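Novice: Residues 24 to 199 in my numbering are what the sequence shown lists, from first letter to last.
Dropping a structure here in structure tokens format, bear with me for questions.
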Amino acid sequence: MEDPLTAWVRSGALLTLDELIRVGDALAGSWSPHGVARGRPLGELADAISEAGAVRGIASVREAMASVRSGVESPRETDMRLLLTRAGLPEPEINRRTYDTRGRYLGKPDLRFRWCKVAVEYEGDEHRRDRRRFRSDILRRERFADAGWRTVRCTGDDLYGRRALEFVARVERCLS
24 MEDPLTAWVR
34 SGALLTLDEL
44 IRVGDALAGS
54 WSPHGVARGR
64 PLGELADAIS
74 EAGAVRGIAS
84 VREAMASVRS
94 GVESPRETDM
104 RLLLTRAGLP
114 EPEINRRTYD
124 TRGRYLGKPD
134 LRFRWCKVAV
144 EYEGDEHRRD
154 RRRFRSDILR
164 RERFADAGWR
174 TVRCTGDDLY
184 GRRALEFVAR
194 VERCLS
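Written out as structure tokens, the structure is:
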């Protein structure tokens with residue numbers, strides 16, 4: 024069996040740029056179900072690329088590496104971040120513990136723009152189907168609102184077509 028980093032580097036000719044970024048984010052993040060395929064330091068990914076030499080598709084992997092981030096907890100977080108930054112919005116922080124001005128823990132939003140108190144959350148179906156998670160999400164949103172934060176919610180439909188433009192516009196309005 025091939026090491027996950029080697030498999031990623033060798034997949035440059037097979038995957039799209041966004042797929043390579045998602046896999047890179049999984050390797051450097053925490054959402055992969057395979058322990059050996061997550062939590063890798065970004066430097067390890069960069070080293071794997073350097074050591075690969077002239078593998079077919081390596082230029083695509085290098086290009087993807089420029090957009091790989093650590094701390095990502097789901098592929099949809101990657102998709103939201105790429106959509107927002109490609110639309111010209113600033114790079115958000117990813118899954119950062121957030122506190123109010125008195126030091127009380129508010130939560131860990133998927134994406135945040137701390138300078139203007141905007142959180143962006145992906146709402147997959149599991150958020151609605153799991154009662155405990157649904158309630159927890161509501162309480163977290165209330166804590167953020169009480170601390171003066173605005174939360175933009177995103178579903179899978181918001182990542183494509185016209186809905187993607189509307190999602191970007193919603194975030195942009197909150198940032199201004």
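Even glycine gets a Cβ: it sits at the ideal position worked out from N, Cα and C.
Predicted model, so just to flag it, every value in this text is computed and none were measured.
How do the segment 74–85 and the segment 28–37 stand: do at least 3 beta-carbon pairs fall below 8 Å, yes or no?
Specialist: yes
Novice: Would you give the residue range spanned by the alpha helix (DSSP H) that Leu-105 belongs to?
Specialist: 98–109
Novice: For Asp-169 and Leu-105, I'd like the C-alpha separation in whole angstroms.
Specialist: So the alpha carbons of these two residues sit roughly 29 Å apart.
Novice: Out of Glu-42, Asp-123, Ala-110, Asp-41, which has the shortest C-alpha to C-alpha gap to Lys-140?
Specialist: Asp-123
Novice: Closer than 7 Å, CB to CB, is Ala-71 near chain B or not?
Specialist: This model lacks chain B altogether; it includes just one protein chain.
Novice: Which whole-angstrom value is the C-beta distance of Glu-144 and Asp-153, which I expect to be below 8 Å?
Specialist: Not confirmed; about 15 Å, so no contact.
Novice: Tell whether a beta-carbon distance below 7 Å holds between Phe-167 and Ala-192.
Specialist: no
Novice: Sort Arg-156, Arg-164, Phe-157, Ile-44 by Cα distance to Arg-99 and report the nearest one.
Specialist: Ile-44
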